[in-house]
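Single-structure report; data block below.
Protein chains: 2
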Amino acid sequence: MNKISALVNMVLIRYYKHMKKKQIYDYLERLSNLLRNEVRRAGAEYGLQPVQVEALHYLSICNRYSDTPMAVTEYLGQTKGTVSQSLKVLEKKGFLSKRADKNDKRMIHLKLTGAAKKLLKKTIPTPLFSHACEHLDEQSQIRITNGLTDILQVIQRSNGMRSFGVCHTCRYNKKNKDGSNLCNLTQESLSQTELQLICREHESVA
Amino acid sequence: MNKISALVNMVLIRYYKHMKKKQIYDYLERLSNLLRNEVRRAGAEYGLQPVQVEALHYLSICNRYSDTPMAVTEYLGQTKGTVSQSLKVLEKKGFLSKRADKNDKRMIHLKLTGAAKKLLKKTIPTPLFSHACEHLDEQSQIRITNGLTDILQVIQRSNGMRSFGVCHTCRYNKKNKDGSNLCNLTQESLSQTELQLICREHESVA
DNA sequence: ATTAATAGTATCGGCTCGATACTATTAATA
DNA sequence: TATTAATAGTATCGAGCCGATACTATTAAT
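Residue numbers (our numbering), protein chains in the order written: chain C, 21 to 226; chain X, 21 to 226.
Right, dumping it as structure tokens:
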């Protein structure tokens, strides 16, 4: 009898676990749809597709090691051919400029124009989301931030995926005594502004 | 002097609020991308596009009032023409069947086939997400669920949007003394299974 | 009885996005 | 050092997404 009730318990626990997982997934998918539709709407006013707005947004939050077509490719999870096309359009429309890398002639760096920055300021975060966020109390905001951090970390860690995090959480980051910061990967010092940007080479502290 | 420091304080508070909002948005956008890419990958194995998988997924979690093309349209946030096309493809590929509504001859109901249910069982939640969720402790799962609930509620409420919730949180739901449930909108009694499905007519309790 | 609203379909064009094939440059290796 | 492999980026093609528009059929409103 004890064995049976233990078994029932196990099944129940598994069921509840599954339900919680399903619920988180369903919520995320719903949010994802709402977000994407908003980005589509916002971008449409400037003749841009959602994926193009997202590329611009990425370039506005990444550091100088991560502003290349390949980094955008990894962030958006598409193929480099696709991204190359999107970037071509964005350049033609005057939202970004390209310049070659000093050291590695294969690479180019992408730079947002004033028009792009203006566009992003107006559209990201999207109005609906922005409005909603302002109606959340401090406590809820913290809950959400923590929750999203948890899930993102696990997802990215469990898959050998690039994490695109900021220096503060990176194992290559070295804080000097005088307050300055050094990247142990590139051996370059980083400004305060730069420390807040996401990096393609980011690896979480073990 | 007091005035100045108060002003500085105000500016700082506004800045931190903005940063938190930006961070939540950035995280959500990143998660959204990861999710969409996974759905794309999963769907590709069956020759389906992401949006088609999402339509099937919606139909697997909605109740009998909400299994129409128009409801799918509202859930996915696209135009009805677009959705009509997607559904036609899904029907042709044997993932769903249509049947006319008894009362309203304009409406049709969509029903998933066995093949569709099998597909969903294998692909939703997506492998990567599923795996990640299992590596989260109970506490994190609750944090995330609560956080997402908060933000979804506010977003949907603040925009006169359909909330697509379950009966339990709906103002039309009436719990009888004998444990049975009635929908005050349709005046029909609802089974326990049905109570867990999302509804197009859902309105949160005031 | 007429008009308006709602559910759904059909068609078209611009765009996405993966697949493939290609060039140029740098890194690895024998 | 010569060869090979790996990496960054571009070009092109085709299947399919998606909004816009126009349409039919049915029900609701006046």
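By construction, the Cβ of each residue, glycine as well, lies at the ideal position given by its N, Cα and C atoms.
When Cβ-Cβ separations below 8 Å define contact, X:D170 makes contact with chain C. Of the residues assessed, C:T213 falls on the exposed side of the cut-off, its CB having fewer than 16 other CB atoms within 10 angstroms. In this structure, X:Y192 lies near X:E223, with their beta-carbon atoms less than 8 Å apart. Minimum Cα-Cα distance from X:V186 among the listed residues X:K125, X:I218, X:N204 and X:N201 corresponds to X:I218.
DSSP, reduced to helix, strand and coil, places C:H129 within a strand of the structure shown. The shortest CA-to-CA distance from C:V174 to any of X:R61, X:E74 and X:H151 is the one to X:H151. By the rule that beta-carbons nearer than 8 Å mark a contact, X:A152 touches chain C. Contact between C:L55 and X:E94 does not hold, since the beta-carbon distance rounds to 16 Å and is not under 8 Å. For X:E158, there is no enclosing beta strand (DSSP E); the residue is part of the alpha helix (DSSP H) that begins and ends at E158 to R177. Counting along the chain, X:S209 sits inside the beta strand (DSSP E) bounded by residues E208 to L210. The beta carbon of C:A75 is closer than 8 Å to those of V92, L96, V103, S106, L107 and L110 in its chain, skipping five residues each way along the sequence. In the DSSP assignment, the residues bridged to C:R119 are C:H129. The beta carbon of C:V225 sits closer than 6 Å to the beta carbons of R191 from its chain, once the five residues preceding and following it are set aside; these are given in chain order.
The C-beta separation of X:F149 from C:Y45 comes to about 6 Å, placing the pair in contact by the 8 Å criterion. The Cβ-Cβ distance between X:I164 and C:D198 does not fall below 8 Å.
Collapsing the DSSP output to three states places X:L217 in coil. Neighbours of X:E214 in chain C, taken as residues at a C-beta separation under 8 Å, are lacking, since the least C-beta distance is about 16 Å. Between X:K141 and C:P145, the gap from beta carbon to beta carbon reaches 8 Å or more. Inter-residue distance for X:L210 and X:S200 is about 7 Å (C-alpha atoms, whole angstroms). For the pair X:A135 and X:Q72, the Cα-to-Cα distance works out to about 14 Å.
Counting C-beta pairs with one atom in each stretch, the segment 59-70 of chain C and the segment 120-128 of chain C have fewer than three that are closer than 8 Å, which means they do not touch.
Residues of chain X with a Cβ closer than 7 Å to the Cβ of C:F115 do not exist, since the nearest Cβ in that chain sits about 18 Å away. In the three-state DSSP reduction, X:K197 falls in the coil class, being neither helix nor strand. The three-state reading of DSSP puts X:S150 in helix, counting H, G and I together. In this chain, the alpha helix (DSSP H) harbouring X:P89 covers P89 to L96.
Interface flag for X:K141 against chain C is unset, since no Cβ pair is found closer than 8 Å. Assigned with DSSP and collapsed to three states, X:L205 falls in coil, not helix or strand. The three-state secondary structure of X:S86, taken from DSSP, is coil. Cβ neighbours of C:L139 within its own chain (closer than 6 Å, five residues either side excluded): Y66. By the criterion of a C-beta distance shorter than 8 Å, X:E58 is surrounded in its chain by T146, P147, L148 and F149, once the five residues flanking it on both sides are discounted. The shortest C-alpha to C-alpha distance from X:C203 to any of X:Y78, X:V28, X:N83 and X:L51 is the one to X:N83. For X:S183, the secondary structure class from DSSP, reduced to helix, strand or coil, is coil. Within chain C, V174 and S178 have C-beta atoms less than 8 Å from the C-beta of X:H155, given in sequence order. Residue-level contact by beta carbon holds for X:D46 and chain C, with a gap shorter than 8 Å. Shown in chain order are the members of the segment 118-147 of chain C whose Cβ falls below 9 Å from a Cβ of chain X: I144, P145 and T146. Cβ atoms of X:R220 and X:R177 stay farther apart than 8 Å, at about 16 Å.
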